[in-house]
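S.K.:
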Amino acid sequence: MRVLLTGSAGFIGSAVDAALGDAGHEVVRVDLMLPEAHGATDPPPGTHRLDVRDAAAWGDLLAGVDAVCHQAAVVGAGVRVGDLPAYAGHNDLGTAALLAAMHDAGVARLVLASSMVVYGEGRYTCPEHGDQVPPPRRREALEAGDVENHCPECGRVLGWALVDESARLDPRSSYAASKVAQEHYASAWVRQADAAAVALRYHNVYGPGMPRDTPYSGVAAMFRSSLERGERPRVYEDGGQMRDFVHVSDVARANLLALEAVVEAPSGRYDAYNVCSGEPVSILRVAELVGAGSGIDPEVTGGFRLGDVRHVVASPALARAELGFAAAIRPDIGLRAFATAPLRP
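Quick note on the UniProt record's numbering: the sequence shown kicks off at 1 and runs consecutively.
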């Protein structure tokens, strides 16, 4: 299979690139190399550098391509309001430009790197009133130290449950809004272009090669960067936020399975799958696992970021049933190993 891979020099893209090569696929590598993600890293030999927002720039790169694996995106929680144009430009316009170029080139199969942030808050239940959809947490409550979601009916603290792919999309940050837009563009393209696509909703990805010392990186890399500086990892809220952490090698394998599935899928089909370990873990526990053996304990700050959600934990059931994907690396093993994994400068 000939696959065009965008974001090929990025943290996840590099892992997907290696997995595609190991599986015998021919890879056309494309990247923009934003400094926020790549730092001073040079692109691997053979990487085509172009602005994903320019549909005309794709040109001959799509010739003979069977499928596109679209990993290129500006990531992170959206540290500043001023980040909005970058998310809208690179993620939304970039995806729309790519889809238009694919249609012009007759390429009709796509794997899209999406994210669990499209869900906003995860799934919540009240022991008395069942499933509930909490509104965004108020700044005033967070400033007062109330970090939980409460039942709108009785005020009790809501418990978390696994969220599946049928959950409504409810973005709570600028990054999340851009990922929802990417999915919507892909879904519309599937219908208009008589194509097929798979969106992979990554949960918290970690592993070797993550960029260091940037708020746009994942939380595991931020903890790891703090340890390298001899500083205590700073944990927001009370550290009780529940998440799912999935190793980058498992994410790469999910992309291989998704490519195989989308190439065989009938035209007009759009599917989305959670890519997760299936083993929930608290943010405080992540900091402890990454710091294990360092002698440096995490610091629970009580601070907050308004765009963050309290809990979001995925169900792995659909990806297992339809893609045959199950994570091989447990978080308690992978996060300990990540403590000594190399980071990107």
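Glycine included, every Cβ here is placed at the ideal spot set by N, Cα and C.
#1: The alpha helix (DSSP H) spanning Trp-189 covers which residue range?
#2: Distance, Cα to Cα, Val-147 vs Val-75?
#3: Between the alpha carbons of His-90 and Arg-156, how many angstroms are there, rounded?
#4: Please work out which residues of its chain come closer than 6 Å, Cβ to Cβ, to Gly-334, disregarding the five sequence neighbours upstream and downstream, and give them in chain order.
#5: Taking three-plus beta-carbon pairs below 8 Å as touching, is the stretch 167-178 in contact with the stretch 114-127?
#6: Pick helix, strand or coil for Pro-331, following the three-state DSSP scheme.
#7: Among all the DSSP beta bridges, which residues are the ones paired with Thr-6?
#8: State the beta-bridge partners of Cys-126 as determined by DSSP.
#9: Restricting to Cα atoms, I'd like to know which of Gly-106, Asn-149, His-103 is closest to Tyr-124.
#10: Taking the alpha carbon of Glu-237 as the reference point, which residue from Tyr-185, Arg-137, Gly-122, Val-107 has its own alpha carbon closest?
#11: Given a threshold of 16 other Cβ atoms within 10 Å of its Cβ, counted over all protein chains shown, does Gln-132 qualify as buried or as exposed?
#12: When you compare each of Ala-196, Leu-227, Phe-245, Ala-199 to Gly-218 by their alpha carbons, which one comes out closest?
#13: Find the nearest neighbour of Arg-49 within the set Ala-55, Asp-60, Arg-29, Leu-62, judged by alpha-carbon distance.
#14: Round the Cβ separation of Val-3 and Asp-83 to the nearest angstrom and send it over; I've been treating them as touching at under 8 Å.
#15: For His-150, write down the residues that DSSP places opposite it in a beta bridge.
#16: So Ala-186 and Arg-109 are in contact, right, with Cβ under 8 Å, and what is the actual spacing, rounded?
#17: Can you name, in chain order, every residue of its own chain whose Cβ lies under 6 Å from the Cβ of Gly-94, other than the five neighbours on each side?
#18: I'd like the list of long-range same chain contacts for Ala-220, defined as Cβ closer than 8 Å, with 5 residues on each side in sequence excluded.
#19: Mapping the DSSP letters down to three states, classify Pro-85 as helix, strand or coil.
M.R.: In this structure, then:
#1: 174-193
#2: 24 Å
#3: 41 Å
#4: His-247
#5: yes
#6: helix
#7: Val-30, His-70
#8: Gly-130
#9: Asn-149
#10: Arg-137
#11: buried
#12: Phe-245
#13: Arg-29
#14: Contact flag wrong, Cβ pair sits at about 30 Å.
#15: Val-157
#16: Actually they do not touch by this definition, with Cβ atoms about 11 Å apart.
#17: Val-52, Arg-53
#18: Asn-204, Tyr-206, Met-210, Phe-245, Val-286, Val-290, Leu-335, Phe-338
#19: helix
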